[in-house]
Amino acid sequence: MEKILYKFLFRLCLIGILILVVKLATPFTFDKWFPIDEIVLSGEYKYIEREQVQMVANNYLEGNFFSLNIHKLREGMKKLPWIKDVDIYRKWPNRITMLIMQHQPIARYGMQGLINEEGEFFGAAYEDYLPIIYGPKEKLPYITSKFFIFNEILHTEFIKIHKITYTRKDDWVINTSDGMIIKLNDDKSAEVLKRFVDNFQIVLKSMNKRITSVDLRYRDGFAVSSDTIKKINHKL
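Residue numbers (UniProt numbering): 1 to 236.
Rendered as structure tokens:
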């Protein structure tokens, strides 16, 4: 009886050792099968060099066609400042395809970085001119959506936004490229701004001067100032 038990335990130990050896050896042997022979990069390369993307991708290509950690590769690629997202696909038998999506800058976030069209902050260098946005970072998607609305309204009179600030008091301050300052409450801000722009030429003619500031925070009208005239109240 003891011999039978001994043989059983001995065989069990051998099986355990064999399983352990196979398990430890598998990553080294299995990775040699189904190697990744081709990396295909596609997508946008306006703000980043393809060679830079390829170099970063190579750093995260661990394993073979099946064992490659797609999530780790994707997160590694997104560490590049200009890359917004990456879609990664396996294509049998040995190809990995990566579709690169870049941030599209629409404004600067103060002096800290850039903002894309969805109101997402990203820290990348950019030399060309962009309007500047100030406001709480957690409100950037909302601020960006308002920026687009205000910009479209002002564009009808060829007024360009140079800087826009959303304050903690839920007020807006718009600095235009020609030096005009426009102040707005957040409530019905687009509606109020549109009424002012619709009457802009009339107001400009009545001032007979360059408008330096417009306060649209009044309930039934607005106040306008110029270089020589401090304030004129108008009804909306």
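Backbone N, C-alpha and C fix where the C-beta goes; we use that ideal spot for every residue, glycine too.
Just mark residue i as buried or exposed, buried being the case when its beta carbon has 16 or more other beta carbons within 10 Å.
i      : result
Ala125 : exposed
Tyr129 : exposed
Val224 : buried
Thr144 : buried
Ile100 : buried
Tyr109 : buried
Val86  : buried
Tyr89  : exposed
Considering only residues of the same chain and omitting the five flanking positions on each side of residue i, which have a CB-CB separation below 8 Å?
i     : result
Asn59 : Gly76
Quick one: residues in its chain with C-beta nearer than 7 Å to the C-beta of residue i, no 5 flanking neighbours on either side, listed in chain order?
i      : result
Asn151 : Ile161
Ile149 : Ala190
Arg74  : Val86, Ile88
Alpha carbon to alpha carbon, how far is residue i from residue j?
i      : j      : result
Met207 : Glu157 : 17 Å
His103 : Arg50  : 15 Å
Thr176 : Asn64  : 55 Å
Val53  : Tyr142 : 31 Å
Asp178 : Ile159 : 8 Å
Asn94  : Trp33  : 10 Å
Glu127 : Lys91  : 38 Å
Below 8 Å on the Cβ atoms is my contact criterion, and I expect residue i with residue j to pass it. Report the Cβ-Cβ distance as a whole number of Å.
i      : j      : result
Leu154 : Ile115 : Actually they do not touch by this definition, with Cβ atoms about 18 Å apart.
Lys183 : Arg217 : 6 Å
Thr97  : Val40  : 4 Å
Lys137 : Phe121 : 6 Å
For the alpha helix (DSSP H) containing residue i, list its first residue and its last residue.
i     : result
Met55 : 50–59
How is the beta strand (DSSP E) around residue i delimited, first residue to last?
i      : result
Asp198 : Where Asp198 is concerned, there is no enclosing beta strand (DSSP E), although the alpha helix (DSSP H) it sits in stretches over 189–198.
Taking 8 Å as the cut-off, is the C-beta of residue i nearer than that to any heavy atom in the ligand GTP?
i     : result
Asn64 : You won't find the ligand GTP in this model; it holds no ligand whatsoever.
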